[in-house]
Amino acid sequence: MREIDSSEVTALVSRLYQEANFALPPDVIAALKSALAREESPLGREVLETLLENAAIATSDRVPLCQDTGLAVVIARIGQEACFRGGSFAEAVDAGVALAQEQGYLRASVVSSPCFDRNNTGNNAPAILHTEIVDGDEVSISVLPKGAGSENMSRLAMLKPADGISGLIDFVVETVELAGANPCPPIFLGVGVGGTMDRAALLSKVALLRPAGTPNADKRLAELENDILARVNALGIGPGGFGGTVTCLGVALEEFPCHIASLPVAVNIQCNSARRATGSL
Amino acid sequence: MSDPVKISPPVSEEKTRALRAGDKVLITGVIYTARDAAHRRLIELIEQGEELPLPLEGQIVYYVGPTPASPGKATGSAGPTTSSRVDPYTPQLLAQGLRVMIGKGDRSPEVALALSEYGAVYLAAVGGAGALLARKITSGVIAAWPELGPEAIYRFEVCDFPATVVMDSAGGNLYATGRAAYKRQP
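One line per chain: the protein sequences are A and B, in this order. Basically my numbering = 1-based index in the first sequence + 6. Basically my numbering = 1-based index in the second sequence + 37.
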């Protein structure tokens, strides 16, 4: 067994959460630049230029890319030969989120007891933590700060197998159409297909970790991603929602086996500030 | 595209009635922030006939919950939040003289009607540009309800803060016309 001190988890989560909020990933910058070259709307191009300038300012001024520094979605792949000493893994992750909030002047956007009290927890913890046990003794942690503007526009449908691919595409397109300008387009789409309701939702979130411009390794799924992208961009919503030819910068679809009677589809919308950072221990 | 229209609060109804969806605006002067929680409290005060912690006549409200300012800075990141969450409260504030709102995303039909009735406008700032917009804010202090954290009301002094008219008092809606202009047959 490989022993890892929990304080290392805290330090890594804090570093990744801050890094994600001050620097847009290079593939996202490249996607914005490519959109600028093909966007037909002058106002749309201005929005894209503003977003690129914003990314540069966030890094140079050390001001968060977006004021909604997000719920900290943490996706951890833990090697089964690793073990943690000096406190629980989940507590170490939450401590990392709180440390990042304090050190990075990130926003405290989390309320406890959402049904009634809705009191701010004050440190942006707890994280939304997903863990997966994998081979080996390495621990890989991805932090995906997720703003509510895009998360609130996300949807899930338990389609019938008879709805088929066209029903699936229609549901994704309808989701983007209903979202309009709310999720800060141009957006990214994570689509999770199959599994159960919860698995489809998780797949759609994990799909957002895939770098922009990387198609699914499966050729048919890659074509499906392209078809969805074309349909979504035909909506005309455009950058900022002001109208334009680039509504979506990329579609990442992941699937998982499901019940003979099911076709679950989850659509997780990600905003133009598609922040994420990954590191390992 | 035409030159931006410069506005400074207090803004006259005549000025906002002349603005049209698609116009660019640069704002200089004092504006106030408010999100859902602050709106709820403002409406309670209005209904009880109590004094408000901010003026409304001719004023500009920005829907934003900024990140905390790091040392030496006027504010943290400060881009627009989704406006529709405050739609239920908006007509009452417009009735009190509020003239300009800045946010992002569509508004309800009730808000559209109230814009016509009171001669107000709804502007969008670029969502996702909080770091850039922070540079346009020269000072930021909490004006009310610090216990609300990011949902407190802040008094911002802004200089050439950029926004675009999305909904005007004549029923114009840039989101609708923009989308229609670029909608394609897939």
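Positions of the beta carbon are idealized from the N, C-alpha and C atoms, including for glycine. The model shown is predicted, which means the values in this text are computed figures rather than measured ones.
- It is roughly 42 Å from the alpha-carbon of Gly86 of chain B to the alpha-carbon of Asn27 of chain A.
- Remark: C-beta atoms of Met204 of chain B and Ala151 of chain B do not approach each other more closely than 8 Å.
- If the five residues before and after Met159 of chain A are omitted, its C-beta is found closer than 8 Å to the C-beta atoms of Thr181, Leu184, Ala185, Asn188, Pro189, Ile275, all from its own chain and listed in chain order.
- Contact with chain B is absent for Phe194 of chain A, since none of that chain's Cβ atoms lies less than 8 Å from the residue's Cβ.
- Nearest in C-alpha terms to Phe177 of chain A, of all of A:Asp67, A:Ile139, A:Val271, is A:Val271.
- Scanning chain B for C-beta atoms nearer than 7 Å to the C-beta of Leu112 of chain A yields Thr104, reported in chain order.
- Boundaries of the alpha helix (DSSP H) harbouring Tyr219 of chain B: 211-219, taken from the DSSP string.
- Rounded to whole angstroms, Ala223 of chain A and Ser20 of chain A show a C-alpha spacing of 32 Å.
- Pairing Gly113 of chain B with Pro70 of chain A gives a Cβ-Cβ distance under 8 Å.
- Shown here for Gly167 of chain B: same chain residues with a beta carbon closer than 7 Å to its own, the five before and five after excluded, namely Ser114, Ala115, Gly116 in chain order.
- Sorting B:Ser206, B:Gly209, B:Met138 by C-alpha distance to the C-alpha of Tyr69 of chain B places B:Met138 at the top.
- Gly156 of chain B is bridged by DSSP to nothing; it lacks a bridge partner.
- For His76 of chain B, the enclosing alpha helix (DSSP H) begins and ends at 73-84.
- Every beta strand (DSSP E) of 3 residues or more that sits fully in the region 77-130 of chain B is shown, in chain order, as 97-99.
- When CB distances to chain A are screened at a threshold of 9 Å, the residues of the region 127-151 of chain B falling below it are Lys141, Gly142, Asp143, in chain order.
- Among the residues of chain A, those whose CB is under 7 Å from the CB of Ala171 of chain B are Val69, following chain order.
- Interface with chain A (8 Å Cβ-Cβ cutoff): Gly186 of chain B is included.
- In the displayed model, Thr202 of chain A falls within coil according to three-state DSSP, outside both helix and strand.
- Measuring C-alpha to C-alpha distances from Leu162 of chain A to each of A:Gly153, A:Gly173, A:Ala168 identifies A:Gly173 as the nearest.
- At a C-beta separation below 8 Å, Leu241 of chain A has these neighbours in chain B: Arg216, Lys220.
- According to the DSSP secondary-structure assignment, Gly246 of chain A is paired through a beta bridge with no residue.
- For Val195 of chain B, the nearest beta carbon of chain A is not closer than 8 Å to its own beta carbon.
- DSSP, read as helix, strand or coil, puts Leu150 of chain A in strand.
- Interface annotation, Leu211 of chain B: in contact with chain A, CB-CB separation under 8 Å.
- Excluding five sequence positions before and after Pro263 of chain A, the CB atoms of its chain that fall closer than 8 Å to its own CB belong to Gly200, Gly201, given in chain order.
- Proximity of Gly167 of chain B to chain A, defined by a Cβ-Cβ separation below 8 Å, is satisfied.
- Within the region 31-114 of chain A, the beta strand (DSSP E) runs of at least 3 residues that lie entirely inside it are, in chain order, 77-85, 88-91.
- Closest in alpha carbon position to Ala82 of chain A, among A:Arg91, A:Ala98, A:Asp74, is A:Ala98.
- Annotated three-state conformation of Gln24 of chain A is helix, per DSSP.
- For Ile134 of chain A, not one C-beta of chain B is nearer than 8 Å to its own C-beta.
- Closest in C-alpha terms to Thr175 of chain B, from the list B:Cys196, B:Val158, B:Pro90, B:Ile44, comes B:Cys196.
- From the listed residues A:Glu261, A:Gln86, A:Val15, the smallest Cα separation to Thr284 of chain A is found for A:Val15.
- Not one beta carbon of chain B lies nearer than 8 Å to the beta carbon of Ala218 of chain A.
- Scanning chain A for C-beta atoms nearer than 8 Å to the C-beta of Gly113 of chain B yields Val69, Pro70, Gln73, Tyr111, Arg113, reported in chain order.
- As DSSP reads the structure, Ser206 of chain B sits in no beta bridge.
- Between the beta-carbon of Ala88 of chain A and that of Val145 of chain A there is about 6 Å, and that keeps the pair under the 8 Å contact cut.
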